[in-house]
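Participant:
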Amino acid sequence: MNSDIDRKIAVILVADVVGYSKHMERDENATLKAYAECEKILKNCLKKYKGSIFNTAGDSALAEFPSAVNAVECGVAFQNDIKKRNASDKTEVKLEFRIGINMGDVVKKEGNLFGDGVNIAARLEALAQPNGISISKSVYDLVVPKTKMTFNDLGVQKVKQNEFHAFDILLDPSQKRKLKTKSKSIMPIIGAAAAALAIVVGVFFFITSNEDDTKKTLAMDTSKPVIMVAPIKASGLSEDQKGFARGITESMISTFASYNGLRVLSSSTSYHSEKNNMTDKAIRDEYGVNFIIRGSMQVMGKNARLNLEISDLKIGEIVETKKSDFVLDDIFKVQDELSNQILEILQIDLGAGSHLKMWVNRFDSMEDFTKFLNWIQLWRSYDPKNHKKAQGILEDLRKRYDKEHTTIYVLEAWQISQRLGLNLSSNKEKDLERLEYIINRNVELHPENSDAYNARAFIGLSHFGFSCEQAISDIATAEKNGSNQETLLIGSGVYSRCGRVVEAIARLQELIKIVPNDPGWFQTGLLVTLLYQNGEFSEIYDLIGQKIAASDMNHRVLAIYSILEFKKGNKKDAVAYFLRAQKNGFNSSRLDAIRDENIKKDALKTLEEIEKISKS
Numbered sequence: 000m001n002s003d004i005d006r007k008i009a010v011i012l013v014a015d016v017v018g019y020s021k022h023m024e025r026d027e028n029a030t031l032k033a034y035a036e037c038e039k040i041l042k043n044c045l046k047k048y049k050g051s052i053f054n055t056a057g058d059s060a061l062a063e064f065p066s067a068v069n070a071v072e073c074g075v076a077f078q079n080d081i082k083k084r085n086a087s088d089k090t091e092v093k094l095e096f097r098i099g100i101n102m103g104d105v106v107k108k109e110g111n112l113f114g115d116g117v118n119i120a121a122r123l124e125a126l127a128q129p130n131g132i133s134i135s136k137s138v139y140d141l142v143v144p145k146t147k148m149t150f151n152d153l154g155v156q157k158v159k160q161n162e163f164h165a166f167d168i169l170l171d172p173s174q175k176r177k178l179k180t181k182s183k184s185i186m187p188i189i190g191a192a193a194a195a196l197a198i199v200v201g202v203f204f205f206i207t208s209n210e211d212d213t214k215k216t217l218a219m220d221t222s223k224p225v226i227m228v229a230p231i232k233a234s235g236l237s238e239d240q241k242g243f244a245r246g247i248t249e250s251m252i253s254t255f256a257s258y259n260g261l262r263v264l265s266s267s268t269s270y271h272s273e274k275n276n277m278t279d280k281a282i283r284d285e286y287g288v289n290f291i292i293r294g295s296m297q298v299m300g301k302n303a304r305l306n307l308e309i310s311d312l313k314i315g316e317i318v319e320t321k322k323s324d325f326v327l328d329d330i331f332k333v334q335d336e337l338s339n340q341i342l343e344i345l346q347i348d349l350g351a352g353s354h355l356k357m358w359v360n361r362f363d364s365m366e367d368f369t370k371f372l373n374w375i376q377l378w379r380s381y382d383p384k385n386h387k388k389a390q391g392i393l394e395d396l397r398k399r400y401d402k403e404h405t406t407i408y409v410l411e412a413w414q415i416s417q418r419l420g421l422n423l424s425s426n427k428e429k430d431l432e433r434l435e436y437i438i439n440r441n442v443e444l445h446p447e448n449s450d451a452y453n454a455r456a457f458i459g460l461s462h463f464g465f466s467c468e469q470a471i472s473d474i475a476t477a478e479k480n481g482s483n484q485e486t487l488l489i490g491s492g493v494y495s496r497c498g499r500v501v502e503a504i505a506r507l508q509e510l511i512k513i514v515p516n517d518p519g520w521f522q523t524g525l526l527v528t529l530l531y532q533n534g535e536f537s538e539i540y541d542l543i544g545q546k547i548a549a550s551d552m553n554h555r556v557l558a559i560y561s562i563l564e565f566k567k568g569n570k571k572d573a574v575a576y577f578l579r580a581q582k583n584g585f586n587s588s589r590l591d592a593i594r595d596e597n598i599k600k601d602a603l604k605t606l607e608e609i610e611k612i613s614k615s
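Each residue of the sequence shown is one higher than the last, beginning at 0 in numbering that gives the first Met the number 0.
1. Is it true that the region 129-145 meets the region 23-32, where meeting means three or more beta-carbon pairs spaced less than 8 Å apart?
2. Please look up how many angstroms separate the CB atoms of Ser461 and Ser416, rounded, as I've assumed it's under 8 Å.
3. Rounded to a whole number of angstroms, what is the C-alpha to C-alpha distance between Lys600 and Ile559?
4. Might you give, ordered along the chain, the residues of its own chain that have their beta carbon closer than 8 Å to the beta carbon of Leu169, omitting 5 neighbours on each side?
5. Let's test the definition: count the other Cβ atoms within 10 Å of the Cβ of Gly110 and tell me whether it reaches 16, buried, or not, exposed.
6. Enumerate, from N- to C-terminal direction, the unbroken beta strand (DSSP E) stretches of 3 or more residues contained entirely within the region 440-505.
7. Once you ignore the five residues that flank Asp430 on each side, which residues in its own chain have a CB closer than 8 Å to its CB?
8. Taking Val142 as the reference, give the member of Asn69, Ser380, Glu162 with the closest Cα.
9. What residue from Asn275, Tyr34, Asp58 has the CA that sits closest to Val13's CA?
10. Rounded to whole angstroms, what's the CA-CA distance from Leu563 to Ser537? Just pull it up for me.
11. Suppose you measure from the CA of Lys604 to the CA of Leu377; what does that come to, to the nearest Å?
12. What residues are listed by DSSP as bridge partners for Val10?
13. Taking the Cβ atom as the reference point for each residue, do Glu72 and Arg97 lie within a distance shorter than 8 Å?
14. Go through the region 305-330 residue by residue and report every complete run of the alpha helix (DSSP H) that reaches 4 residues or more, in order.
15. Which residues in the same chain as Ile504 place their Cβ atom closer than 6 Å to its Cβ, once the five residues preceding and following it in sequence are excluded?
16. Under the three-state reduction of DSSP, which class applies to Ala229: helix, strand or coil?
17. Since I believe Asn597 is in contact with Leu557 (beta carbons under 8 Å), could you give me their beta-carbon distance rounded to a whole number of angstroms?
18. Out of Gln484, Tyr436, Val10, state which residue places its alpha-carbon closest to the alpha-carbon of Ala67.
19. Mind reading off the beta-carbon distance from Lys322 to Arg304? Whole number of angstroms is fine, and I expect it under 8 Å.
20. Using 8 Å as the threshold, is the C-beta distance between Ala602 and Ile612 below it?
21. In whole angstroms, give me the CA-to-CA distance for Asp80 and Asn43.
22. Using a Cβ-Cβ cut-off of 7 Å (strictly less than) and excluding sequence neighbours within five positions of Leu393, which residues of its own chain qualify?
23. Suppose contacts are defined by Cβ-Cβ distances below 8 Å. Is Ser266 in contact with Thr248 by that definition?
24. Measure the beta-carbon distance from Val288 to Met251 and round it to whole angstroms, keeping in mind my assumption that it falls under 8 Å.
25. Here's the rule: buried if 16 or more other CB atoms are within 10 angstroms of the residue's CB, otherwise exposed. What is Arg6?
26. Does the distance from the CB of Asn569 to the CB of Thr523 come in under 8 Å?
27. Please return the same chain residues whose Cβ sits closer than 8 Å to the Cβ of Gln78, not counting the five positions on each side in sequence.
28. Arg379 by DSSP, collapsed to three states: which one?
29. Which first and last residues belong to the alpha helix (DSSP H) in which Ile407 is found?
30. Using the rule of at least 16 other Cβ atoms within 10 Å of the residue's Cβ for burial, across every protein chain shown, is Pro224 buried or exposed?
31. How many Å lie between Gly544 and Ile100 at the Cα?
32. Identify which residue in Asn385, Tyr400, Lys384 has its Cα closest to the Cα of Phe368.
33. Which complete alpha helix (DSSP H) runs does the region 515-539 hold, if anything under 4 residues is left out?
34. Using the Cβ count rule (16 or more neighbours within 10 Å means buried), how would you classify Tyr436?
35. Compute the Euclidean distance between the alpha carbons of Lys108 and Arg283, then round it to the nearest angstrom.
36. I need the straight-line Cα distance from Thr55 to Tyr270, nearest angstrom please.
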């Protein structure tokens with residue numbers, strides 16, 4: 000580790016306004032004035048309890064304290080003062096705050112603080128109730144014997160990738176609540192500045208090189224592309240309309256965030272970058288942003304024009320523009336339409352390539368199409384909990400479409416197939432009967448649909464004893480109907496099961512060239528598994544490279560890295576990769592893609608040895 004890295008243990012407090020954007024929409028000037036008043040209250044508290052602000056982003060503040068007791072007493076004093084302010088009849092805009100406090104390891108750089116200490120404080124803020132304070136166990140253990148406050152144990156909570164034991168400070172008995180342990184807390188999209196900053200912090204990590212100097216390397220934190228919506232620029236607005244620009248920015252963020260395949264930074268991060276006049280290169284390097292959505296609005300009387308553009312920061316170019324002229328009363332309707340068009344472009348470019356254009360046309364709304372894409376991501380995780388969530392999406396879609404809708408049939412077929420594979424079926428015979436009917440009926444009704452043939456090829460091979468000749472024939476028909484990404488992906492599985500591994504590898508390599516973004520590293524995991532079976536180990540390392548550090552790296556990849564490192568004698572690294580694989584959902588069945596029984600048996604035996612070492 001580089002000795003120049005300034006690390007320390009710090010107590011971090013994160014405060015954020017609840018529903019800030021809604022206040023801005025109602026009355027921008029009054030809200031800004033109210034925030035300034037609250038900011039003054041906070042600074043007075045910080046001065047009294049020796050806290051210091053090290054970062055701000057619009058409606059949030061991040062502060063460091065010399066002790067946990069100081070931080071907690073400051074948080075309580077601030078919330079009490081805000082409560083008094085809001086109780087006054089003279090208070091025009093009553094702002095509420097959430098507060099999170101954590102003690103942990105941080106890295107100091109150029110006056111700012113980064114790391115888990117900040118990250119978890121931000122997660123606690125997102126977990127807190129309006130007018131409330133949530134603290135970590137590390138803070139609780141220090142303050143409980145030294146204060147007379149009342150605490151409520153929330154148990155172990157999981158927010159995003161962070162898992163921590165949390166407590167509420169009960170400022171009022173009505174704040175007592177009970178949360179499910181290890182649950183996924185939904186972070187508010189609007190007004191979650193501190194949490195967004197914490198996400199950004201997670202993008203950076205330090206790697207020690209074999210050379211004398213240690214280089215800082217920007218790594219992909221996850222497989223999801225990072226999107227920033229820059230604050231909308233507006234001209235010609237009256238005083239009453241000043242909040243429109245902020246409202247459009249927030250609404251667009253909400254639209255883009257509905258797709259699980261993207262990671263959208265909060266508006267506070269956007270306004271912070273604008274305030275600091277950050278260049279595109281700085282935004283890309285600092286926050287790991289792949290695409291920026293920018294917009295401008297011109298208003299003349301009751302008429303307006305909204306322009307939106309997508310910039311790809313990797314190549315430094317505008318890759319798409321959208322424009323609409325409209326009556327001002329229709330502003331949010333038009334914004335929704337343009338946002339959905341851009342979301343479609345992002346989904347097509349980043350999700351599964353041009354094949355999505357055909358899928359889009361099969362749904363009545365972008366909302367349904369986005370649900371469909373979210374179903375794909377849930378299904379691909381091959382996890383019982385996500386299988387249940389995917390089933391919920393399927394049931395919702397079935398209510399609004401014809402019972403023999405071709406895409407709904409495809410989803411149902413894959414859903415039943417996975418249910419059988421995960422041993423979740425309560426009536427295996429009935430499920431198999433329904434599955435066989437669906438895969439044949441869909442081809443009969445929709446012979447033009449490649450997806451129908453793809454599903455029948457793989458599912459028939461897996462569940463109904465199809466010969467390789469039959470399955471490959473269906474894949475060939477799908478290709479004739481129009482070769483697409485799904486045909487390459489499913490075809491690779493068919494060829495692999497039929498022992499034609501080289502052809503399966505070639506198909507996956509072609510797929511990754513066509514669609515380089517791979518949500519959840521699903522395709523990458525399959526390719527690495529086949530390369531391992533084929534003994535192409537160096538190709539695995541070349542394919543993955545520094546992406547192995549991604550927090551959501553596919554469990555198959557991590558398991559195979561564990562095996563390879565173990566066989567090279569690097570037991571410490573092998574155990575580390577194995578534990579990450581387990582955390583990301585690995586179990587022995589995930590190596591079923593290895594069709595050579597001897598190779599699979601050796602791989603599983605090696606993993607058993609690694610697991611024993613991990614427990615010793």
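Positions of the beta carbon are idealized from the N, C-alpha and C atoms, including for glycine.
Here the structure is a predicted model, which means the values were calculated and not measured.
Facilitator: The short version:
1. Taking 8 Å as the limit for Cβ pairs, the verdict is that the region 23-32 does not touch the region 129-145.
2. The Cβ separation is near 7 Å, so the contact holds.
3. When the Cα atoms are used, Lys600 and Ile559 turn out to be separated by approximately 13 Å.
4. Same-chain partners within the cutoff: Met148, Thr149, Phe150, Asn151, Lys175.
5. With fewer than 16 Cβ atoms within 10 Å of its Cβ, Gly110 is classed as exposed.
6. Secondary structure within the region 440-505: not one fully enclosed beta strand (DSSP E) run of 3 or more consecutive residues is present.
7. Ile415, Arg418, Leu419, Ser424.
8. Measuring from the Cα of Val142, the nearest candidate turns out to be Asn69.
9. The shortest C-alpha separation from Val13 is found at Asp58.
10. Here the alpha carbons of Ser537 and Leu563 stand approximately 10 Å from one another.
11. The straight-line gap from Cα to Cα measures roughly 30 Å.
12. Per DSSP, Phe64, Met102.
13. No. Outside cutoff.
14. List check, alpha helix (DSSP H) in window: nothing returned.
15. Only Leu529 meet the Cβ criterion.
16. Here Ala229 sits in coil by DSSP.
17. Asn597 and Leu557 do not touch by the CB rule: their CB atoms are close to 23 Å apart, not below 8 Å.
18. The option with the nearest alpha carbon to Ala67 is Val10.
19. The C-beta separation of Lys322 from Arg304 comes to about 7 Å, placing the pair in contact by the 8 Å criterion.
20. No, these two residues do not count as a Cβ contact at 8 Å.
21. Straight-line spacing of the CA atoms in Asp80 and Asn43 works out to 10 Å.
22. The beta carbon of Leu393 is closer than 7 Å to those of Trp374, Leu410, Glu411, Gln414 in its chain, skipping five residues each way along the sequence.
23. Going by beta carbons, Ser266 and Thr248 fall inside the 8 Å limit.
24. Beta-carbon to beta-carbon, Val288 and Met251 are separated by about 15 Å, too far to satisfy the 8 Å threshold.
25. Exposed, because fewer than 16 other Cβ atoms sit within 10 Å of the Cβ of Arg6.
26. Not closer than 8 Å, so no.
27. Excluding residues up to 5 positions away in sequence, Phe96, Ile98, Asn130, Gly131, Ile132, Leu170 lie with their Cβ nearer than 8 Å to the Cβ of Gln78 in the same chain.
28. Reduced to three states, the DSSP call for Arg379 is helix.
29. Run containing Ile407: 405-420, per the alpha helix (DSSP H) assignment.
30. Label assigned to Pro224: buried.
31. Each residue's Cα considered, the two are about 36 Å apart.
32. Looking only at Asn385, Tyr400, Lys384, the smallest Cα-Cα distance to Phe368 is reached by Tyr400.
33. For the region 515-539, whole alpha helix (DSSP H) runs of length 4 or above, ordered along the chain, are 521-532.
34. With fewer than 16 Cβ atoms within 10 Å of its Cβ, Tyr436 is classed as exposed.
35. Rounded to whole angstroms, Lys108 to Arg283 spans 18 Å at the Cα level.
36. Inter-residue distance for Thr55 and Tyr270 is about 10 Å (C-alpha atoms, whole angstroms).
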